[in-house]
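Colleague: Have a look at this one.
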Amino acid sequence: SSLKPEMCSQVAAWLANPAIKYNFIPLFPESEDELKAYFENSGRSYFIIYYNSEPVGVIGADNIDNGSRKLEMKKFIGNTNLHGKGIGKFATFLFLYYSFIIFGFDKVYIHSGDANIRNIILNSKFGFELEGIFFDDVLVQSAKKDVVRMGLLKARWLEIFSPS
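Below, the structure written as structure tokens:
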């Protein structure tokens with residue numbers, strides 16, 4: 001369901017975990033009030049991920065560009081005990097369906113805070129392809145980090161996931 005302002009305290013608590021917080025380029029805001037303002041921006045559309053009727057994470061669109069029909073996808077499972085259970089994969093599939101089929105976007109892209117091979121392999125299973133690596137592109141905790149950009153075109157996603 002859509003991310004409601006009252007969920008921002010839970011999102012802020014999840015983002016307090018450095019293992020989640022530092023995966024995003026740029027970082028999500030830290031305070032509950034800043035998060036509310038961030039998620040209310042018209043260039044964004046975020047949803048809460050539920051598992052067994054409990055909120056467990058966030059997925060959504062950032063930098064929505066209606067003119068070019070593209071958006072940036074960001075997601076995380078905030079409950080680290082649930083990592084590796086396929087919840088993020090299922091949420092990603094639903095989000096891509098929503099983006100390409102329901103809203104007719106042509107491209108979804110993601111930025112990753114490092115060249116995490118596991119993440120690259122996971123995203124490539126959905127059809128994402130490496131578009132580039134931006135070396136020493138951001139400063140995170142006083143250290144320069146590379147940024148990986150991957151993109152997925154609607155036509156490629158349909159090739160993979162349309163019934164034959």
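For the sequence shown, the working numbering assigns the number 1 to the initial residue and increments by one for each residue that follows. Note that the Cβ used here is the ideal one computed from N, Cα and C, for glycine as well.
#1: Look up S142 in the DSSP assignment and say whether it is helix, strand or coil.
#2: Please classify N23 as buried or exposed, where buried requires at least 16 neighbouring CB atoms within 10 angstroms.
#3: Going by C-alpha distance, which of E30, V138, E159 and H83 is nearest K125?
#4: Cα separation between L25 and I110?
#5: Please name the residue or residues paired with I133 in a DSSP beta bridge.
#6: Smallest Cα separation from S45: which of A143, P55, G57 and N63?
#7: Is DSSP giving D65 helix, strand or coil here?
#8: Following the continuous beta strand (DSSP E) through Y46, name the residue where it begins and the one where it ends.
#9: Hey, could you find the ends of the beta strand (DSSP E) Y109 is sitting in?
#10: Across the segment 75-94 and the segment 50-57, are there enough close Cβ pairs to call them in contact, namely three or more that are closer than 8 Å?
#11: My assumption, with CB atoms under 8 Å, is that K107 sits in contact with R149. Please give the rounded CB distance.
#12: Verify whether the separation of the beta carbon atoms of F47 and C8 is less than 8 Å.
#13: Is N123 buried or exposed, if buried means 16 or more other CB atoms sit within 10 Å of its CB?
#14: Could you tell me the boundaries of the alpha helix (DSSP H) in which F161 lies?
Modeller: In brief:
#1: coil
#2: buried
#3: E159
#4: This sequence places Ile at residue 25; Leu is not what is there. Between I25 and I110, the C-alpha separation is close to 9 Å.
#5: V148
#6: Checked all of A143, P55, G57 and N63; the closest Cα to S45 is N63.
#7: Strand at D65.
#8: S45 to Y51
#9: K107 to S112
#10: yes
#11: Contact doesn't hold; Cβ gap of about 12 Å is too wide.
#12: Inclusion of F47 and C8 in the CB contact set at 8 Å is not warranted, their separation being larger than that value.
#13: buried
#14: K154 to F161
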